[in-house]
Structures are given as C-alpha cells and as structure tokens.
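Chains as they are written, first to last, in the numbering used here: chain A, 1 to 308; chain B, 1001 to 1308.
No residue lacks a Cβ here, since even glycine has one placed at the ideal position from N, Cα and C.
Quick caveat, the model's predicted, so the values are computed rather than measured.
Shown next, in structure tokens, is the structure this report addresses.
2 protein chains.
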Amino acid sequence: MFGAFQCRFPENAMPVPHRIEQAPSQPLSAGIGPLPGRPGFVSLVGAGPGCPDLITVRGLRALEAAQVILYDALLDPSFAGLFPEGALALSVGKRCGKAGAEQADIHQLMIEHARAGRRVVRLKGGDPLIFGRGGEEALALEAAGIPFDVIPGVSALQGAAAGAGFPLTHREVSRRITVLEGHHLPATAAAWRDLAASGGTLAVYMGTRTLQTLASTLLDHGASPTLPVALVEQAQCPGQTSTFSTLAHAAAGALRPATEGPGILFVGEALHHRFHPTSEVSHEPAALVPGSPREARARGGRRERRAG
Amino acid sequence: MFGAFQCRFPENAMPVPHRIEQAPSQPLSAGIGPLPGRPGFVSLVGAGPGCPDLITVRGLRALEAAQVILYDALLDPSFAGLFPEGALALSVGKRCGKAGAEQADIHQLMIEHARAGRRVVRLKGGDPLIFGRGGEEALALEAAGIPFDVIPGVSALQGAAAGAGFPLTHREVSRRITVLEGHHLPATAAAWRDLAASGGTLAVYMGTRTLQTLASTLLDHGASPTLPVALVEQAQCPGQTSTFSTLAHAAAGALRPATEGPGILFVGEALHHRFHPTSEVSHEPAALVPGSPREARARGGRRERRAG
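In structure tokens:
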C-alpha cells in the first residue's frame, strides 16, 4: 500500500516499447504513417515539474494518441513509460547552456511531421508558456499553418512549493508572487528596492548559480537579513533536495547547492509558514517490487537540509 | 474523432454515483468506514484551472482512492464524474465574498474524517498553494498530527495563457511574471512604478472588478497606453472568454467583463505574441453524442472578443 513518495507512476511496470532516437538525424519516413483521414496536429504539452504522474490527464491523453513525441532532453527518463508503443520519440532541445540553433530544428521537426499527417506531441518540462519557448513554438506552427493546441502543465514553482512544504501566498503575509529567471535578473535599483519591499514571494528559476548575488543585492536594497530563503533542487524528482536558510546566510555564501541538478530559489516571509508533508504515502495500490527502481527510490527518500 | 476543445473529460459518459451534501451538517458516521489497516490521510489536491482533465494524474489517483472528498464550491460540476462510487463528497469553502468562518469548518472536517481512519481529498481550484489557503490547511493538519501531502495543480495563470493563446514569458520581451490578487493591489507608488517599468507580464487573479483602477494606476506610474491587456474569464471552462485590449482602453472603461464568472487580467508586452490554438480538436477517441453536454459545448465553442 505504501510506496515511494515521488514518481508514483509505475514506470518499472511498463516496458519501454517506443524508439528513442536523437534529433535531427532521424528521417521522416520511419514507418510511422498518418492515420487515415486524420490531419496532422501538434500539441505543446507541459510535462509538469518532475515526475511523470504530475502531467495532466489531458496531457497524458495527448501522449497516448501521439505518433511522434519530441521531448525535452532534460525530462526524467521515466516519462518514456508514458509513450505509446510504436511512437517515434525524439530527444530535442537544450541541456544547460546549449540552446540556440536547435530551436529552429525543433520547429522544423514539428512542422514536417505534422505536414506528413502525423499527430505530434512536443513534451516540455513544466508549463509550455513559462520560460519554455512554447510561445515561439506556437507561433512557428501558426506561421506554417499547422493546427495545434497548448496543454498547460504544473510549473516548477508549484511543484517545488508542494514538495518542499511552504505556501507561495499566505493570508496577511504574502499576496504577491514574482517569478524571475536566474540569468535575467532585474537591472534597475528601483526594481530591486521594490522586490526587497514587496512582502511577496520571489521565485527564481535556474536560481542556483545566481543565489549569492541575488541575496546580496536584495540585502543592499533594504531586505531583511532574516528573510527566509529556500533552494529546492530537482523539485518533484526522486533526488529532490530542499535547503532552508536566511537571506544573510545566502549572501555570505553559506547556502550552497546540494546537487548538480536544476534549482529554484525562493525568498519571502511565506517560507516561515512551512509544513511537512508525509513522504511515505503512495496513491498507487500496487506494492513495491524489491530491487525495483521505485523501491530503491523509496529507500533513498528525499532530503532536506538546513544551511547556515 | 473531433470534439469540444474544452472539458474533454467524458463527464457525461459517467453516472454520478457519489453523494453530494452540504458541509458541515453532514455527520461523520455516514457508512464510509476506514479500510482495515489504513491510517487516515489527507491529500490537498490542486484541481487545475477549470476542466477536470487538467487535474494531474497523481491528483486523479488520489481522488480515485478517496473515501471523503471536500471540494471547493466553485469547481465545475463535471468534477463529480471523477469521484469514486460510494465516496462522501462535500461542497465546502467560499463562493465570491463569503469565506471567513467556513475555513475553520474545513479544517475540522478534514481532521475528523482523517481521525476516523478515512482517506480524505481536499480538492481545491488551481494550485493549493497559490491564493488557495492551502498553506493554512496544511498547517492545521500538521498541528493536529494528521498525515497529509500536497499535490500541485495547474494554476489559472497557466490555464488562461494556454487557453487564450499567449506566452507568459517570451525571449527578449518578457522575463518576469508578477502574480497579484485583484483585491490586494500594491499600496506604494514605488511598487507601481516598478510594475509599470518591469517589462514583464502581470497576472491579476480575481482581476475583473479592479481592472479599470489597475489600468489607470499603471498609466499614472508610467506604463505605455498601448501596452496590451487581456481579460480571460472562466479560463479552461466551457464558457471561456478572452477579451483583448490596451491599457489606455482599459483605463477608460472600454474593457468590460463578458461574464459573471471569475476573471484573470493580464498586462504586458508578451501579449503581443498571440497565437491561436485550434479549438476543434479532442484528444478523446470517442465521438460526440448528439445532444450531450459535450456536443452542446462543442457547438457553443469559446468566445474571443476585442474591446476598445
């Protein structure tokens, strides 16, 4: 009855029948013909923040109907368990620091497969329209006359808060959320003063490398040294780690990443209102298979640290 | 093969076997005993932004395992189709403007049902930790010693952007998202100046009533009169309406709500990068049943307007 807290999708219960190949070397004529009478179609699908079971039901259905799946290289490999048998699955897009030219290839792959009459899913981490270039992909499809839809997903913001255990807004404490990207921080003193004074929750995607700079800059613009800070790494993935500290400690370099994985940094009074979700429950009825990946993850559990 | 764009969950294919009753008059001894050997447990589940098929797979599994479901009164009635047979389903919580005392009743219901050994789902619109008092509910459970977890959900932010067709961030245009609540707007001129100058995307939950004030205040603090504005009402629900305008027109009162339902207001340059998802596709294989609610919705479609 009880299993791993995370990744409750029975990934080890399913064989992986699809073919994973690298884009863009894959030819388009790979025996994945269109269904008769169906026009090609692309769904831009948010995969959610980590585990496959945090995809939406609508997203899962789009995957199940897909003939071609173009998935972010950064997605957890267990997503492969959701791909239908016979679908062509191509890993595309960026790993840290390597984007750029590949984006045009992704557009071309989506368009060519759809023009060949296929049902394509472009599976993207988090939500397609938050820091995911989903807007660009939608516009490329529209310009090419390809029918498409966008299926939203749970973003790292929500996944990290639920996994690490704190609210993003809290009555009479925080009524505002500001979402930034670590390598595009505000440029003006006015913006920093406002963030320091907002009383809201600040969430910085890809915030690991920039956390000390960010904390120092907030302090310099009037934020309280005791403001709580959390670094949540690999949110909702088996290796999720949350490290709690204060702005002063983070500025002093005492808050350090625990993993090599992506991290999201949070700052704000709402983090004072922490709670501790039970980590042992599973919503799956199935028992763990000893020695299986799920069982190994259950043994590993997730980690929580305190820095500074 | 094609059906309604929205609410693709086959709500009309399922009878509604559960009992819906009003809290808190429901006694606890209603024949929904604990499963032997299972401790009571509460899952705070994000239902997503509207349609039942935008719940996560993990959230759906929690619902399927639930003996007691405490659901937000504002949720679409079609969620009832997800409730397992024999579960006790209680409508709780606020309708517009009536919160307050009821929150303590919700805490008490969750705690008492869990203490009776039952598996409880607290089903909340959007994400439980964004403007949903999920933090308070988690803290109440923790204080009472009840094991619980939090299952994140797609928030109205993501649902509205995907449904109405614009990115929340866009490369070289918008790298910041600010989420506010319509009845808790910033109080300082500095905050307004920063929002007006941020170049990011502003999303105002429950933004319908406050939209003219908000637009005027942004203009007064230096925002461009031509900045695009969108009001998305009943996002991802069958009656979704999106109205696009500019800040100047919104400030002049030309942007008016189309419905009585909840609305989320967006402001920012990213809205210039609109796209138009195909509204006729369904990821369900089933054909529409003539005269069914789904078929009626497909005929109704969704509406898009241009104000000012």
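Next item on the list: Alpha carbon to alpha carbon, how far is Ala1062/B from His1107/B? Give it in angstroms, no decimals.
Entry: 19 Å
Notebook entry, point to check: In terms of residues, what are the limits of the alpha helix (DSSP H) holding Thr1217/B?
Noted result: Leu1211 to Asp1220
Notebook entry, point to check: With a CB to CB cut of under 7 Å and the five nearest residues on each side skipped, what residues in its chain are close to Ala138/A?
Noted result: Leu44, Phe148 and Val150
Notebook entry, point to check: Residue range of the beta strand (DSSP E) that Arg133/A falls in?
Noted result: Counting along the chain, Arg133/A falls outside any beta strand (DSSP E), and DSSP gives it neither H nor E.
Item checked: Partner residues on chain B for Ser198/A, Cβ-Cβ distance less than 8 Å -> Pro1186 and Ala1191
Next item on the list: Report buried or exposed for Thr1213/B, applying the criterion of at least 16 other Cβ atoms within 10 angstroms of its Cβ.
Entry: exposed
Next item on the list: Buried or exposed for Pro1262/B, please, with buried defined as at least 16 other CB atoms from any protein chain shown within 10 angstroms of its CB.
Entry: buried
Check: Between the Cα of Phe1079/B and the Cα atoms of Glu1064/B, Cys1051/B, Glu1102/B and Asp1105/B, which residue gives the shortest distance?
Finding: Cys1051/B
Check: In whole angstroms, what is the alpha-carbon distance linking Ala343/A and Ala89/A?
Finding: Chain A is shown only over 1 to 308; residue 343/A falls outside these bounds and no answer can be derived.
Check: On the three-state DSSP scale, how would you describe Leu1168/B?
Finding: coil
Notebook entry, point to check: Pick from Ala252/A, Val92/A, Ala250/A and Ala230/A: whose alpha carbon is nearest that of Ala373/A?
Noted result: In this structure chain A extends from 1 to 308, so residue 373/A is not present and cannot be described.
Notebook entry, point to check: Can you tell me where the alpha helix (DSSP H) with Ile111/A in it begins and where it stops?
Noted result: Glu102 to Arg115
Item checked: Boundaries of the alpha helix (DSSP H) in which Val1057/B is found, first to last residue -> Val1057 to Glu1064
Checklist line | Short Cβ contact (9 Å threshold) for Gly159/A with Gln236/A | finding: yes
Item checked: Option nearest Phe1266/B by Cα separation, candidates Ala1047/B, Thr1243/B, Ala1252/B and Phe1275/B -> Thr1243/B
Checklist line | CA-to-CA distance, Leu168/A to Pro186/A, given in whole angstroms | finding: 21 Å
Check: What residues from the stretch 257–280 of chain A come within 9 Å of chain B, judged by C-beta to C-beta, listed N to C?
Finding: Ala270, His273, Arg274, Phe275, His276, Pro277, Thr278, Ser279 and Glu280
Next item on the list: State whether the stretch 117–124 of chain A contacts the stretch 63–72 of chain A, with contact taken as three or more CB pairs (one from each stretch) at a distance under 8 Å.
Entry: yes
Check: Taking C-beta to C-beta, are Gly46/A and Lys124/A nearer than 9 Å?
Finding: yes
Margin query: Rounding to the nearest angstrom, what Cα-Cα distance links Val1057/B and Gly1134/B in this structure?
Written below: 20 Å
Note to self: Determine, for Pro77/A, whether the minimum Cβ-Cβ distance to residues of chain B falls below 9 Å.
What the structure shows: no
Next item on the list: Compare the C-alpha of His183/A against each of Pro228/A, Glu142/A, Tyr205/A and Trp192/A and name the closest.
Entry: Tyr205/A
Item checked: DSSP bridge partner residues for Thr1178/B (one or two, in chain order) -> Thr178/A and Leu1202/B
Next item on the list: Verify the CB distance criterion: does Phe83/A have a CB-CB separation below 9 Å to chain B?
Entry: no
Check: Got a sec: is the Cβ-Cβ distance from Cys1237/B to anything in chain A below 9 Å?
Finding: no
Notebook entry, point to check: Taking the C-alpha atoms as reference points, what is the distance between Pro1084/B and Gly1059/B?
Noted result: 13 Å
Margin query: Taking the straight line between their C-alpha atoms, what separation do you get for Gly1253/B and Leu1219/B?
Written below: 13 Å
Checklist line | Euclidean distance between Cα positions of Ser282/A and Ala1144/B | finding: Low confidence applies here, because Ser282/A scores a pLDDT of 49, under 50, leaving its location unreliable; read the following figure in that light. Their backbone Cα atoms lie some 21 Å apart in a straight line.
Checklist line | Ser1224/B - DSSP class collapsed to helix/strand/coil | finding: coil
Next item on the list: Identify which residue in Thr1226/B, Thr1259/B and Gln1234/B has its Cα closest to the Cα of Ala1248/B.
Entry: Thr1226/B
Checklist line | Status (buried if at least 16 other CB within 10 Å, exposed otherwise) for Gly309/A | finding: The requested residue 309/A does not occur in the structure, where chain A is confined to residues 1 to 308.
Checklist line | Per-residue contacts from Glu233/A into chain B (C-beta, under 8 Å) | finding: The premise fails here: Glu233/A is roughly 17 Å from chain B at the closest Cβ pair, so nothing lies under 8 Å.
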